[in-house]
Each structure stands twice: as structure tokens, then as C-alpha cells.
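Engineer: Here it is, the structure in full.
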Amino acid sequence: MDFRYTEDGTPTLFHPGYGEAYHPRQGALLQARRLYLENTRTHLHPAPRVLEVGLGLMVNFRVALESALARGVFLRYLAVEKEPLPREVMAAIRLPLPLGERVFGEILKAWPEERFAGPWGELKVVFGDIREAALPTLWATAVFLDPFSPQKNPEAWEEEVLKRLRLASRRGAVLATYSAQGAFRRALKEVGFRPHRVPGVGKREWTVGIAVGAPRFPCNGG
């Protein structure tokens, strides 16, 4: 893997296996803030519970953490990561987040443990395939769907995965992702999210989905 800098000055990595970078060229921080933090309203939630698919370099987590620390709220964060990065790679990607980076430094000392906790909140990491990971039921207030693209990593975008994410989401939870595929949006609607188009950065549209009604599927998650 090789390091690359995005247009907002923050670094990312290029994954040779998937043939894609972890973040868009327009900016890792920009996408984390606008797409995931703000479009899910996590930056306003008094008790955010975030479920992320694709932890990667922890940029989305660190941005959510910075917001929670600045507001004095407790963050609960559950991430599913199939290919965790080595500690030295994670440590090389530092961000201009003065509050969150201190906590991130402490997390790195124990990486890759499965649970990290402190007065700031809790991070749990499930190392494995999202298709098999045990997820809590009706838990998340926000879902950050951020794996590699449907073209390169189609299994992370399957309808069965979306069902699992809906079952893990509270009513009114907001899912956000960079994909704007029509088939993906139709699948979101089918499993119980109300999809919406939102303006993107670097691409015309992003997608958000609101968890509506009650889940219609049996759940085996814990």
C-alpha cells in the first residue's frame, strides 16, 4: 500500500488489492465530516451510537469522536472491519483533530484490541465479514456505510447486508454512504430505509437512508 494526499491536505492509502484509495481525492476529512457526521446528524445527537462498515484508517471514527468530545457527549461506536491495518500504518495517518487525536493515540497503543473505552465513550471493533458479524438489534442511531465500492467489493453492499444494517438500526436512524447507484437505493428501500439523494463532493450525489417503520426480518444478531 502507498500513501497519497487528498485535496484537503489529509493523507490516505491506496489499496492495491481493491485498486482504490480509502478516501476520495477531494478529501478524507471533508467526506468524513460532510457525508458521515453531518448527513447522519451525529454531530447533533445527544447520545450517538454509530455503526460503521469499513473502519479503515479510522477517519470517520476520529471525526465523530472529535465532535462528541467538543460537545461533551458520550460516543458509542461499533465498527466491522474485514482487513484491519497494522498499527504502524494507522499511526502514520494523523489528523488536525486536537481532541480526538489524543484519544486515538491511546487506542493505537492497544491496537488491534476489540474494545476500547474511556470517559470519552466506547469503541468496539468486530474483525470479520459484515455478512457474518453479530450485530446488536435496534441499536444504532447512525450507520456509516463506507466499504470499498460496489464494483470492487460487492459483497459488502448485498441486500442481505442491508437487511442486517436495518435490523441493527433504531427507528429514525440515518444511514449515509457515498454510493449513488440506483440498484443500491432500491435495495435500501426494500429493507426498510427511506433513501434520499443529497449533494455530494467530488461527485454529484451521495445517499442517505432513514430507518422507517419496524424491521420486517428475523434477526440473529446479539
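In this note's numbering, the protein residues as written are -14 to 207.
Beta carbons are placed, not taken as given, at the ideal position from N, Cα and C, and that holds for glycine.
With a threshold of 16 other CB atoms inside 10 Å of the CB of residue 102, please say whether the residue is buried or exposed.
Structural biologist: Along the sequence shown, read from residue 1 onward, the residue named residue 102 stands at position 117. Exposed, by the Cβ-count rule.
Engineer: Roughly how many whole angstroms lie between the Cα atoms of residue 82 and residue 36?
Structural biologist: Within the sequence shown, numbered from 1, the residue matching residue 82 stands at position 97. Within the sequence shown, numbered from 1, the residue matching residue 36 stands at position 51. About 21 Å.
Engineer: What are the start and end residues of the alpha helix (DSSP H) that includes residue 174?
Structural biologist: The residue labelled residue 174 in the question sits at position 189 within the sequence shown. 167 to 176 is the extent of the alpha helix (DSSP H) around residue 174.
Engineer: Go through its chain and collect everything with a Cβ distance to residue 223's Cβ below 7 Å, but skip five positions before and after it.
Structural biologist: Any property of residue 223 remains undetermined from this structure, which presents the chain solely from -14 to 207.
Engineer: Helix, strand or coil: how does DSSP classify residue 206 here?
Structural biologist: Counting from one through the sequence shown, the residue named residue 206 turns up at place 221. Caution is warranted here: a pLDDT of 43 is assigned to residue 206, below 50, making its placement in the model unreliable, and no coordinate value can be reported.
Engineer: Residues in its own chain within less than 6 Å of residue 162 by CB, not counting five upstream and five downstream?
Structural biologist: In the sequence shown, counting from the first residue as 1, residue 162 sits at position 177. Around residue 162: 130, 192.
Engineer: Counting only runs of 3+ residues fully inside the segment 90 to 134, write out the beta strand (DSSP E) ranges in chain order.
Structural biologist: If we require 3 residues or more, the beta strand (DSSP E) runs fully inside the segment 90 to 134 come out as 100 to 103, 106 to 112, 125 to 130.
Engineer: Report, in whole angstroms, the separation of the C-beta atoms of residue -11 and residue -5, which I expect to be a contact under 8 Å.
Structural biologist: Numbered from its first residue, the sequence shown carries residue -11 at position 4. Numbered from its first residue, the sequence shown carries residue -5 at position 10. At roughly 10 Å, the Cβ-Cβ gap does not stay under 8 Å, so residue -11 and residue -5 are not in contact.
Engineer: So the candidates are 125, -9, 2, 20; which of them puts its Cα closest to the Cα of residue 190?
Structural biologist: Walking along the sequence shown from the start, residue 190 turns up at place 205. Checked all of 125, -9, 2, 20; the closest Cα to residue 190 is 20.
Engineer: Using the C-alpha atoms, what's the distance from residue 0 back to residue 93?
Structural biologist: Position 108 of the sequence shown, counting from 1, holds the residue named residue 93. Position 15 of the sequence shown, counting from 1, holds the residue named residue 0. Roughly 21 Å between the two C-alpha positions.
Engineer: Mind checking which residues open and close the alpha helix (DSSP H) that includes residue 149?
Structural biologist: In the sequence shown, the residue the question calls residue 149 occupies position 164. Start and end: 144 to 152.
Engineer: Tell me the residue span of the alpha helix (DSSP H) that contains residue 65.
Structural biologist: To locate residue 65, count along the sequence shown from 1; it is residue 80. First-last for residue 65: 60 to 66, but that is the beta strand (DSSP E), not the alpha helix (DSSP H).
Engineer: Could you say if the segment 47 to 57 and the segment 66 to 76 meet the contact criterion of at least three C-beta pairs nearer than 8 Å?
Structural biologist: Contact fails: fewer than three Cβ-Cβ distances are below 8 Å.
Engineer: What do you reckon, are the CB atoms on residue 196 and residue 167 nearer than 8 Å?
Structural biologist: As a first step, residue 196 must be located in the sequence shown, where it is residue number 211. As a first step, residue 167 must be located in the sequence shown, where it is residue number 182. No, these two residues do not count as a Cβ contact at 8 Å.
Engineer: Pick helix, strand or coil for residue 187, following the three-state DSSP scheme.
Structural biologist: Counted from its first residue, the sequence shown places residue 187 at position 202. Three-state result, residue 187: coil.
Engineer: Would you kindly check if the distance between the Cβ of residue 38 and the Cβ of residue 121 is under 8 Å?
Structural biologist: Here the question's residue 121 lines up with position 136 in the sequence shown. Here the question's residue 38 lines up with position 53 in the sequence shown. The answer is no: Cβ separation not under 8 Å.
Engineer: Going by DSSP, which residues form a beta bridge with residue 51?
Structural biologist: Position 66 of the sequence shown, counted from the start, is the residue given in the question as residue 51. According to DSSP, which records beta bridges pairwise, residue 51 is partnered with nothing at all.
Engineer: Taking the beta strand (DSSP E) that residue 37 falls in, what are its first and last residues?
Structural biologist: On the sequence shown, position 52 is the one that residue 37 refers to. 34 to 38 is the span of the beta strand (DSSP E), which, as asked, contains residue 37.
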